[in-house]
Amino acid sequence: GDSVTQMEGPVTLSEEAFLTINCTYTATGYPSLFWYVQYPGEGLQLLLKATKADDKGSNKGFEATYRKETTSFHLEKGSVQVSDSAVYFCALSNTGNQFYFGTGTSLTVIP
Amino acid sequence: ETGVTQTPRHLVMGMTNKKSLKCEQHLGHNAMYWYKQSAKKPLELMFVYNFKEQTENNSVPSRFSPECPNSSHLFLHLHTLQPEDSALYLCASSQEALTDTQYFGPGTRLTVL
Numbered sequence: 847g848d849s850v851t852q853m854e855g856p857v858t859l860s861e862e863a864f865l866t867i868n869c870t871y872t873a874t875g876y877p878s879l880f881w882y883v884q885y886p887g888e889g890l891q892l893l894l895k896a897t898k899a900d901d902k903g904s905n906k907g908f909e910a911t912y913r914k915e916t917t918s919f920h921l922e923k924g925s926v927q928v929s930d931s932a933v934y935f936c937a938l939s940n941t942g943n944q945f946y947f948g949t950g951t952s953l954t955v956i957p
Numbered sequence: 020e021t022g023v024t025q026t027p028r029h030l031v032m033g034m035t036n037k038k039s040l041k042c043e044q045h046l047g048h049n050a051m052y053w054y055k056q057s058a059k060k061p062l063e064l065m066f067v068y069n070f071k072e073q074t075e076n077n078s079v080p081s082r083f084s085p086e087c088p089n090s091s092h093l094f095l096h097l098h099t100l101q102p103e104d105s106a107l108y109l110c111a112s113s114q115e116a117l118t119d120t121q122y123f124g125p126g127t128r129l130t131v132l
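Residue numbers (this note's numbering), protein chains in the order written: chain A, 847 to 957; chain B, 20 to 132.
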């Protein structure tokens, strides 16, 4: 069945460091891919999404490119801030009315 | 109020209690969801409602009973829970069921003693 695998955390970075959180997926057909973020004490918020191959989603300095050839949707940011500390979830939705989340990757940015 | 709201934010209950979680969405969406979030596990989709009709029930024990009186409100009735049911329960909504961007509430932190 469809699934999402994202890198284990936790990830700790210094402020202004480069961030990559890996996400790969298994799916039939042409799923849509998402990154959600969960700040402490809050629910999940959509960070960005891509609906077809080679699309790049971007928001708040974060980017992810839908790579069908490698079945990946890695999250990147060039310079992280303390306020980016949160848990990041990769997710996919597919035809057949299914939605799958990864296990989440905790990011801590230290000043 | 905007977005998706959930009450209460925190709940502690004994195994013999009956309680209910409430979710309300102010986005005009047609679909609503309950998820369970436990430490180090993927989000578990519990129930999906589309236009007030339940379309998914992912093998959830009967001690969890959902209710959707209209497209804006969703309840999760709890009775005779177990300690392993302690988790963060998240409500979400979307315009279309399961294929569209979902908007989440802040969650209810449930502790079962």
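Just so it is clear, CB atoms sit at the ideal spot from N, CA and C, and this is done for glycine as well.
Quantities reported herein were computed from a predicted structural model and do not represent experimental measurements.
- When C-alpha distances from A/Y876 are compared across A/A899, A/P957, A/F935, A/E909, the shortest belongs to A/A899.
- Per the C-alpha coordinates, the member of A/L893, A/R913, A/G907, A/L890 positioned closest to A/D901 is A/R913.
- Cβ-Cβ distances below 8 angstroms link A/K895 to S878, L879, F880, W881, G903 in the same chain, with the five nearest sequence neighbours on each side left out; the list follows chain order.
- In the three-state reduction of the DSSP assignment, B/E86 falls in the strand class.
- Residue nearest to A/T870 within the set A/G924, A/N905, A/E915, A/V883 is A/E915 (criterion: CA-CA distance).
- Here A/E922 carries a strand assignment [DSSP, helix/strand/coil].
- Check the Cα spacing between A/G847 and each of A/F945, A/V857, A/P856: the tightest is with A/F945.
- DSSP, reduced to helix, strand and coil, places A/S929 within a helical segment of the structure shown.
- Contact between B/Y108 and B/W53 holds, since their C-beta atoms are separated by about 7 angstroms, short of 8 angstroms.
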